[in-house]
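One structure below.
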Amino acid sequence: MKFSRFFELITAIWANKINQRRDPEVTIIIHSPGSVGVTPSVEVESIEAGFDWSAGQVLIYPAQPLTTLTPDRVADITTSVRKGQSRHAYEAYKKHKAEIATAATEYSKVAGQRDELLIALEALSAACDTGERDRDGKQSGVVIPDKHAVWAAREAIARVKGGIV
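The structure is reproduced here in C-alpha cells:
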C-alpha cells in the first residue's frame, strides 16, 4: 500500500465524528484462523520513515512480535537459531521425537502380544506332551491335548489378530 492511500484511509476514519471523540487505538491484526471472540491484534509502538536500504518506505513497529507462536516456542526457536540450527530443523526434530515416542508405544504393545502368545503356546505344548518317550527322546503315544490350553492359545492368537478366531 502506498502512503497516499494509507493517508486517505486514515483521513476517512478520522472524519467520522464518533472516532474523533474516542481517540481510537492503532493496532495491527494478527492472522489467527479459528479464533473466537475479539480480533487478535498488537498495538503499534511507532511509525517512522525508512532510510538507507528501507528508503521510500514507512516502517510500522509493533509493540510485540507479530506471531501466533507461544512465548515458549519463540524462545526455543531463538535458542535453536543461536546454536546454528534453523526453525525447520527444530520442527523436524520435534516431529522425529514424536515418531520415536509412537514407535516405542507400538513396540511395547507388540512385545506384550508376543509374550502373551509365547505363554499360551508353552501351555499348549505342555498340555500336548504325554510324557512318553522312545529311545531317541522323541515323544511317543497318542496326544490328547487339554481343551483349556487349546482354547487359551486360540484366544491369545485371536486377540493378536484383532478378534478373529
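Plus 1266 on top of the position in the sequence shown (first one is 1) and you've got the numbering used here. For every residue, glycine included, the Cβ atom is placed at its ideal position computed from N, Cα and C.
Quick one: measure Cβ to Cβ for residue i and residue j, integer angstroms, because I've assumed they're closer than 8 angstroms.
i	j	result
Ala1419	Leu1384	Not quite, the Cβ-Cβ distance comes to about 11 angstroms (not below 8 angstroms), so this is no contact.
Val1324	Ile1313	6 angstroms
Val1340	Pro1328	Actually they are not in contact, since the Cβ atoms of Val1340 and Pro1328 sit about 14 angstroms apart, beyond 8 angstroms.
Ala1422	Glu1382	5 angstroms
Asp1338	Tyr1356	Not a contact, Cβ separation roughly 13 angstroms.
Is the beta carbon of residue i within less than 7 angstroms of some heavy atom of the ligand SAH?
i	result
Ala1386	This structure simply doesn't include the ligand SAH, nor any ligand for that matter.
Can you give the Cα-Cα distance for residue i and residue j, rounded to whole angstroms?
i	j	result
Arg1348	Pro1331	18 angstroms
Gly1377	Val1426	Residue identity differs from the one stated: residue 1377 is Ala in this sequence, not Gly. Answer to the nearest angstrom: the Cα atoms are 11 angstroms apart.
Trp1280	Ala1315	22 angstroms
Arg1288	Asn1282	11 angstroms
Ala1278	Arg1271	11 angstroms
Lys1375	Ala1367	13 angstroms
Arg1380	Val1302	48 angstroms
Gly1350	Tyr1359	14 angstroms
Val1416	Ala1424	12 angstroms
Phe1273	Met1267	10 angstroms
Gly1322	Lys1363	46 angstroms
Ile1276	Glu1291	12 angstroms
Thr1344	Ser1320	25 angstroms
His1354	Phe1317	32 angstroms
Name the residue from the options whose alpha carbon lies nearest to the alpha carbon of residue i.
i	options	result
Thr1293	Val1308, Ile1284, Gln1286 and Val1302	Val1308
Ile1296	Leu1275, Met1267 and Thr1333	Thr1333
Ile1326	Phe1269, Gly1428 and Asp1402	Phe1269
His1414	Ala1392, Glu1291 and Lys1375	Ala1392
Gly1335	Tyr1359, Pro1306, Thr1371 and Asp1400	According to the sequence shown, residue 1335 is Leu rather than Gly. That would be Pro1306, whose Cα lies nearest to the Cα of Leu1335.
Assign residue i to one of two classes, buried (16 or more other C-beta atoms within 10 Å of its C-beta) or exposed (fewer than that).
i	result
Ala1369	exposed
Ala1386	buried
Does any residue of chain D bring its CB to less than 8 angstroms from the CB of residue i?
i	result
Ser1374	The structure shown contains no chain D; it holds only a single protein chain.
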